Ligand code: NAP
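This is the structure we're talking about:
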């Protein structure tokens, strides 16, 4: 039977590439967006034109009620959610001493509360199905920390802790919970970098380049597949050797 994936924040960047990759690999795909409506609708229409099975859904993952509605409507449309990819995120570069309380809360709300909301709404359904995959997008900065991104690094490290704990709890229900921790990937999120900063980062990457969203997406596809059924609680870092 055809499987269904829900990808948070799939209007742009890595999430959009994950949506495309799963659609091309015979999944029903729920494209979630918050602000980028045109991009989400364009992605949906391109995938529908190519004959794939997709649906677009606006929900702010920080809001429990919106997430509940998205999960319930998705299950109603496709009959199941087999894979949840907690991908939505924001970044911000600021000195630690300048981060406001609101900025701190927003960073945690999008990455941690959003992941909590989506995972908790989908988990009962996966538990009763006795199978499922939850894949959380962390970052190398959650593994090693980034200067001037203390709130982002904290949130991304929290995603790793959440993944490991939930993997232990849901393992007996045959639900695998893993993390993909990308290195520097070419998306809007890195558009703040100037040419000099980009070349420093490339020099620090043994493979001497940034990653592409598709390279993250292919690893998410693998970890969602039956080939990866014995992998849980792991952090798979797609980073060109930036962190070894
Ligand atoms: P991006 O291009 O900036 O896209 C971010 C996505 O998150 C957008 O689709 C955005 O949707 C969505 N989003 C933000 N707030 C949301 C909310 N409240 N509710 C629902 N969706 C929301 O970023 P990206 O580079 O693809 O990053 C994707 C993930 O990978 C993030 O978790 C990021 O931290 C992680 N990551 C990225 C890199 C990198 O180098 N790019 C490296 C490591 C990890 P709208 O535009 O529709 O609001």
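In my numbering, the protein residues as written are 23 to 266.
Here a beta-carbon is modelled for each residue, glycine too, at the ideal position from N, C-alpha and C.
These figures come from a predicted structure and were not determined experimentally.
The beta carbon of residue 211 sits closer than 6 Å to at least one heavy atom of ligand 1. The count of Cβ pairs closer than 8 Å, one atom from the region 58 to 71 and one from the region 92 to 102, stays below three, leaving the stretches out of contact. Boundaries for residue 77: no alpha helix (DSSP H) harbours it, while the beta strand (DSSP E) harbouring it runs 76 to 80, taken from the DSSP string. Not a single heavy atom of ligand 1 lies less than 6 Å from the C-beta of residue 74.
A distance criterion of 6 Å places the beta-carbon of residue 57 in contact range of ligand 1, judged by its closest non-hydrogen atom. For residue 261, there is no enclosing beta strand (DSSP E), as DSSP marks it with neither H nor E.
An exposed status is given to residue 244, since fewer than 16 other beta-carbon atoms sit within 10 Å of its beta-carbon.
Assignment of residue 253 by DSSP, reduced to helix, strand and coil, places it in the coil class. Non-local beta-carbon contacts of residue 45 in its own chain, meaning distances under 7 Å to residues more than five positions away in sequence, involve 51, 69, 74, 76 in chain order.
For residue 106, the enclosing beta strand (DSSP E) begins and ends at 105 to 108.
The bridge partners DSSP lists for residue 158 are 108, 201. Distance between residue 205 and residue 241, taken at the CA atoms: about 13 Å.
Nearest Cα to residue 102 within the set 234, 24, 133: 24. Excluding the 5 residues flanking it on each side, residue 36 has same chain C-beta neighbours closer than 8 Å at 109, 159, 204, 207, 209, 235, 238, 239, in chain order.
Residue 163 counts as buried, since no fewer than 16 other beta carbons sit within 10 angstroms of its beta carbon. Pairing residue 48 with residue 126, the inter-Cα distance amounts to about 39 Å.
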